[in-house]
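Read through the structure below, which is laid out as structure tokens, and then see the notes.
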Amino acid sequence: MMAIREQLEASIGAALVAAGAPDGSKALVGAATRPEFGDYQANGVMAVAKQLKKNPRELAAAVLESLDLSDVAESVDIAGPGFINVKLKSTWLDARLNDALADERLGVPQAESAQKIVIDYSHPNLAKEMHVGHLRTTIIGDAIARVLEFCGHEVIRHNHVGDWGTQFGMLIAYMDRLEAEGEDPSSELADLEAFYQSARRLFDGDEAFANTAREYVVRLQSGDAHVRGMWQRFIDESLRHCQEVYDALGVTLRREDVRAESDYNDDLSRVIDDLRTKGLLRESDGAQCVFLEEFKGKEGEITPVIVQKSDGAYLYATTDLSAVRYRAGQLDADRVLYIVDARQMLHLRQVFAVSRAAGYAPESCSLEHHAFGTMLGDDGKPFKTRTGGTVKLMDLLREAQERAFALVGEKNPELSVEERREVARVVGIGSVKYADLSLNRTTDYIFNWDKMLSFEGNTAPYLQYSYARVKSIFRRAEIDESKLGGRIEIAEQAERALAVKIVQFGEVVDAVARECYPNALCNYLYELAELYMKFYEHCPVLKSEERVRASRLLLCKMTARIIESGVGLLGISTVERM
Ligand code: ARG
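The C-terminal position of the sequence shown is numbered 582 in this note's numbering, with every residue numbered one higher than the one before it.
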């Protein structure tokens with residue numbers, strides 16, 4: 005079944021064309037921004053009128069002439085400079101609402117044709133411990149993965165970890181040295197960050213060690229068994245660290261989702277050969293490059309994509325080309341999503357362009373970079389520890405839970421310590437995730453403990469608390485909500501407003517699946533919770549007479565189910581009491 009927003013977009017769009025707009029003109033339908041505008045508004049008329057040099061209100065009137073929304077709308081009006089406002093019909097709303105109530109999927113449609121979707125996210129560099137720089141891709145990528153799976157798509161998670169390169173020579177040489185000194189590198193590796201720093205210090209200060217490290221890089225690349233074995237030990241240890249973070253964070257990534265950079269090593273020379281065969285390679289200063297028209301600068305010079313250095317070494321881009329070939333070619337993905345820092349915009353544009361030119365990804369496969377900004381501290385600079393070091397993710401997550409533990413204690417002193425600890429975990433982790441997800445990912449974001457842990461505003465604690473409050477109604481009245489039957493009947497304005505929100509859940513989830521902006525779901529859930537609070541203020545539930553009470557209890561139940569499911573899609577849990 006088509007979501008109502010799409011249905012309106014299609015009908016009003018067709019009427020717009022019938023009224024003289026060019027084919028494909030968009031009605032631009034969205035949920036109404038104010039209640040007095042009805043439930044949905046179409047904003048597309050003004051742009052088309054400007055294009056056609058027509059009076060927008062007259063054009064809107066012409067649109068209404070060929071528009072028949074009588075099956076879904078109670079009224080369709082023109083407002084302001086040419087907005088079209090649609091108010092939904094109560095019989096239609098009633099039917100949709102009760103359908104959603106009976107639906108395990110809460111009215112979220114299953115995708116008509118399931119797609120195969122690869123998501124490249126988290127992808128830390130294994131030489132170091134995971135730090136806050138990996139937080140955004142991990143959280144945002146995981147939410148998108150969950151949403152797409154819920155919509156019925158086949159999701160393939162690719163954790164494209166950095167496990168190759170010159171740094172590893174240094175780390176393995178250090179491991180070897182520790183062992184030669186009779187120490188156990190495994191225990192040192194428990195603090196990966198310190199391990200890296202020690203190796204680095206030695207590398208920078210000790211010429212002989214630096215030479216050994218360089219030699220180890222060569223031995224690693226040539227497949228030397230001893231160095232390879234050490235490397236594998238290091239990688240395993242580092243991946244274990246990552247898994248600890250994923251588990252603490254409640255992220256769905258597993259060890260088997262790792263598709264490391266090194267997994268593409270054997271394919272890199274083939275990629276170069278293939279590009280050469282296709283006539284795409286040109287030598288420049290000894291390096292192998294691809295020159296594409298679309299990277300022409302202002303002076304007419306083309307910025308080349310380097311795929312092999314003059315010393316024969318391959319680059320980050322070469323690995324990514326091989327990865328596209330694997331994902332689009334071998335796996336035959338319909339979409340490949342890159343949840344990668346905005347600073348890698350040019351890199352990915354180049355990779356996508358070369359992939360298209362070389363035929364690694366057919367037009368039917370959509371290559372998408374979903375970029376995000378940097379996480380900043382309160383001072384507006386990249387987030388650091390007080391002493392200027394990088395913040396380890398594990399430390400950050402621990403602090404989140406400690407802070408939440410104190411807050412939960414203030415809020416509800418009756419909880420047992422055990423319960424309080426569990427609530428603190430759910431609230432603390434949820435806060436860190438939600439703070440990131442609730443903002444438009446493309447901008448930088450300022451990490452602020454007090455804001456993310458606040459029980460007011462668009463935050464995880466607010467939603468989690470709203471959920472627990474709804475659930476407390478059932479507990480207080482000793483009602484088994486699974487036994488509630490009957491239909492929801494809408495009478496009051498506050499009930500209607502909540503009902504409209506409830507039936508919009510499906511289209512919001514669908515929009516996140518297509519556009520990959522989880523903040524749309526956050527905003528929706530926040531608005532839902534607010535409408536619920538208004539409903540709860542204006543419409544007595546338990547004290548109402550039987551029939552009204554039954555209907556209102558169902559509205560409560562539906563709200564709780566959507567909050568639970570919605571934050572669940574974001575990778576955030578709820579608790580029954582807090
Ligand atoms: N490991 C890389 C980094 O830390 C990110 C990898 C992003 N994914 C990709 N296919 N390039 O910068």
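For every residue, glycine included, the Cβ atom is placed at its ideal position computed from N, Cα and C.
Next item on the list: Given a cut-off of 9 Å, decide if Val151 and Pro386 are closer than it, judged by their beta-carbon atoms.
Entry: With respect to Val151, Pro386 sits apart: the two C-beta atoms are not nearer than 9 Å.
Subject >> Cys293: first and last residue of the uninterrupted alpha helix (DSSP H) it sits in >> reply: First-last for Cys293: Ala291 to Val294, but that is the beta strand (DSSP E), not the alpha helix (DSSP H).
Original post:
In chain order, which beta strand (DSSP E) runs of at least 3 residues are fully inside the stretch 19 to 48?
Top reply: Within the stretch 19 to 48, the complete beta strand (DSSP E) segments of 3 residues or longer fall at 33 to 35 and 44 to 46, listed in chain order.
Which residue marks the beginning of the beta strand (DSSP E) containing Leu419, and which one marks its end? Per DSSP, Leu419 belongs to no beta strand (DSSP E) and is neither H nor E.
Just tell me which of Trp453, Ile144, Leu319 and Thr578 has its CA closest to the CA of Val427. Shortest Cα-Cα distance from Val427 to any of Trp453, Ile144, Leu319 and Thr578 involves Thr578.
Q.
Please identify the residue among Lys538, Lys505, Val545 and Leu546 whose C-alpha is closest to the C-alpha of Asn527.
A. Closest by alpha carbon: Lys505.
Using three-state DSSP, classify Val571 as helix, strand or coil. DSSP, reduced to helix, strand and coil, places Val571 within a helical segment of the structure shown.
Self-check item: Nearest to Ser458 (by Cα), restricted to the options Ile88, Tyr469 and Tyr220
Solution: The residue with the shortest Cα to Cα distance from Ser458 is Tyr469.
Item to complete: Leaving aside the five residues before and after Ser29 along the sequence, list all residues of the same chain whose C-beta is less than 7 Å from its C-beta, in chain order.
Response: Excluding positions up to five away in sequence, the list reads Gly17, Leu20, Val21, Gly48 and Val52.
Quick test of your reading: Leu441 and Ile176, contact by CB under 8 Å. State the CB separation rounded to the nearest angstrom.
Rounded, the Cβ-Cβ distance is 38 Å, inconsistent with contact.
Problem set entry | Which of helix, strand or coil DSSP assigns to Gln348 | Correct three-state label for Gln348: helix.
Q | Test item: CB-CB of Ala264 and Asn416 under 9 Å | A | Against a cut-off of 9 Å, the Cβ pair of Asn416 and Ala264 comes out as no contact.
task: Go through its chain and collect everything with a Cβ distance to Glu248's Cβ below 8 Å, but skip five positions before and after it.
output: Hits under 8 Å: Met398.
- Query: Roughly how many whole angstroms lie between the Cα atoms of Val430 and Leu253?
  - Reply: Whole-angstrom Cα-Cα distance: 10 Å.
message = What would DSSP say about Gly137, mapped onto helix, strand or coil?
response = Gly137 falls in the helix class under three-state DSSP.
Within the continuous alpha helix (DSSP H) that includes Val584, where are the two ends? There is simply no residue 584 to check, as the chain begins at 5 and stops at 582 in what is shown.
Among Glu418, Leu419, Arg424 and Arg581, nearest to Ala4 - alpha-carbon criterion:
No statement about residue 4 is possible, as the shown extent of the chain runs from 5 to 582 and does not include it.
Beta-carbon separation of Gly434 and Val571 under 9 Å? Annotated as proximal: Gly434 and Val571, with beta-carbon spacing under 9 Å.
*Within the present structure, is the beta-carbon of Gln312 separated from the nearest heavy atom of the ligand ARG by less than 8 Å?*
It does not: the Cβ of Gln312 is nowhere closer than 8 Å to a heavy atom of the ligand ARG.
_I want to check one thing, is the minimum distance from the CB of Ala346 to the heavy atoms of the ligand ARG below 8 Å?_
Checking the Cβ of Ala346 against the ligand ARG gives no.
Exercise for the section: Decide if Arg140 is buried, meaning its Cβ has at least 16 other Cβ atoms within 10 Å, or exposed. Expected result: Classification for Arg140: buried.
Within its chain, find whatever has a CB closer than 6 Å to the CB of Val412; leave out the 5 residues flanking it on each side and keep chain order.
-> Take Val412, set aside five residues on each side of it, and the residues of its chain with a beta-carbon closer than 6 Å to its own are Arg424, Val427 and Ala428, in chain order.
Going by Cα to Cα distance, which pick from Gly166, Glu185 and Ile121 is closest to Ala157?
-> This sequence places His at residue 157; Ala is not what is there. Taking only the C-alpha atoms, the option nearest His157 is Ile121.
Nearest to Asp261 by CA position, among Asp146, Glu511, Ala194 and Arg347, is which residue?
Of the candidates Asp146, Glu511, Ala194 and Arg347, the one whose C-alpha sits nearest the C-alpha of Asp261 is Asp146.
Closest to Asn462 by C-alpha separation, out of Val255, Leu130 and Leu529, would be which residue?
When each option's Cα is compared against that of Asn462, the closest is Leu529.
Whole runs of the beta strand (DSSP E) within the stretch 92 to 137, excluding any shorter than 3 residues
Fully enclosed beta strand (DSSP E) runs of 3 or longer: 120 to 124.
(request) Take Leu285 and list the residues in its own chain whose beta-carbon comes closer than 6 Å to its own, dropping the five residues that flank it on each side. (result) Only residues of its own chain outside the window of five on either side were considered, and among them Leu279 and Gln292 have a CB closer than 6 Å to the CB of Leu285, listed in chain order.
Practice prompt. Just grab the DSSP bridge partners of Arg339 for me.
Written response: By DSSP's assignment, Arg339 forms a beta bridge with Ile121 and Ser370.
field: Within the stretch 187 to 211, ranges of the alpha helix (DSSP H) (whole runs, at least 4 residues)
entry: Segments of the alpha helix (DSSP H) lying fully in the stretch 187 to 211: 189 to 193 and 196 to 209.
Subject >> Spatial distance of Arg109 from Asn102 (CA atoms) >> reply: The alpha-carbon atoms of Arg109 and Asn102 are separated by roughly 13 Å.
Original post:
Does DSSP put Ala439 in a helix, in a strand, or in coil?
Top reply: Correct three-state label for Ala439: helix.
Span of the beta strand (DSSP E) holding Asp334? Per the sequence shown, residue 334 should be read as Gln rather than Asp. Looking at the DSSP string, Gln334 is not in any beta strand (DSSP E), and its letter there is neither H nor E.
Check your understanding: Smallest Cα separation from His230: which of Ala212, Ala410 and Gly173?
Key -> Checking every option, the nearest Cα to that of His230 belongs to Gly173.
Hey, is the stretch 332 to 348 in contact with the stretch 373 to 380, meaning 3+ C-beta pairs nearer than 8 Å? Result yes; three or more Cβ-Cβ pairs closer than 8 Å.
Self-check item: Own chain residues within Cβ distance below 6 Å of Asn129, not counting five before or after
Solution: These residues qualify, in order along the chain: Gly166.
Q: Look at Phe87 and Ala64 and say whether their C-beta atoms are less than 9 Å apart.
A: Yes, Cβ-Cβ distance for Phe87 and Ala64 is below 9 Å.
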